[in-house]
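S.K.:
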Amino acid sequence: MLESVLCGRRLGKVLANTARSRIGNGVIQVVERGNSLPAAQLAALRELLWQAGGPVREDLALRDALRTCTKLARIGWQATLAKTLLHAMRLRRHSLGAHHRCDRVCVA
Numbered sequence: 002m003l004e005s006v007l008c009g010r011r012l013g014k015v016l017a018n019t020a021r022s023r024i025g026n027g028v029i030q031v032v033e034r035g036n037s038l039p040a041a042q043l044a045a046l047r048e049l050l051w052q053a054g055g056p057v058r059e060d061l062a063l064r065d066a067l068r069t070c071t072k073l074a075r076i077g078w079q080a081t082l083a084k085t086l087l088h089a090m091r092l093r094r095h096s097l098g099a100h101h102r103c104d105r106v107c108v109a
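Sequential numbering from 2 applies to the sequence shown in our numbering.
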């Protein structure tokens, strides 16, 4: 996820300074992000994503985080993006790379 943040910021800066044009036969769609979350809620969202979507994941935590993000999505675009990520995390039920699903076998 950290790579996504870094590369997303870099890409955002490049796109912000790039003239919008049509290249080839592709279709370009510009989407407005909307409002940002206030600083305190953004910090809480970061913590929520780390706890639920960090290296060790469990379905109940992902579900609860998804519910929280659904409420926050009315306020800021970051929560809308987080909802999409959490939904994808819930769909991947197996461990992959450094990400481990501990459903039903996690020992606290």
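Yeah, the Cβ is synthetic: ideal placement off N, Cα and C, and Gly gets one too.
How is the alpha helix (DSSP H) around R91 delimited, first residue to last?
M.R.: Within the sequence shown, numbered from 1, the residue matching residue 91 stands at position 90. 78-92 is the span of the alpha helix (DSSP H), which, as asked, contains R91.
S.K.: Give the single residue among A45, R102, L67, G54 whose Cα lies nearest to the Cα of T81.
M.R.: The residue given as residue 81 occupies position 80 in the sequence shown. T81 has its Cα closest to that of L67, out of A45, R102, L67, G54.
S.K.: Could you name the residues of the same chain whose beta carbon sits closer than 6 Å to that of A53, not counting the 5 residues immediately before and after it, in chain order?
M.R.: The residue given as residue 53 occupies position 52 in the sequence shown. Here the set comprises A62, L63, A66.
S.K.: Between which two residues does the alpha helix (DSSP H) carrying C103 extend?
M.R.: Stepping through the sequence shown from its first residue, residue 103 is reached at position 102. First-last for C103: undefined, no H or E at that position.
S.K.: Mind checking R58: buried by the 16 CB within 10 Å criterion, or exposed?
M.R.: Position 57 of the sequence shown holds residue 58. Under this definition R58 is a buried residue.
S.K.: Could you check the C-alpha separation between T71 and K84 for me, to the nearest Å?
M.R.: Numbered from its first residue, the sequence shown carries residue 71 at position 70. Numbered from its first residue, the sequence shown carries residue 84 at position 83. One C-alpha to the other measures close to 7 Å.
S.K.: For V57, does the three-state DSSP call read helix, strand or coil?
M.R.: Sequence index remark: in the sequence shown, residue 57 carries index 56 (1-based). Three-state DSSP puts V57 in a strand.
S.K.: Can you tell me whether L38 is helix, strand or coil according to DSSP?
M.R.: Counting from 1 along the sequence shown, the entry for residue 38 is found at position 37. Of the three classes helix, strand and coil, the one that applies to L38 here is coil, per DSSP.
S.K.: Under a Cβ-count criterion, where at least 16 other Cβ atoms within 10 Å of its own Cβ denotes burial, should A109 be classed as buried or exposed?
M.R.: As a working mapping, residue 109 is identified with position 108 in the sequence shown. Below a pLDDT of 50, predicted positions are generally treated as unreliable, and A109, at 46, falls in that range; no measurement from the model is reported.
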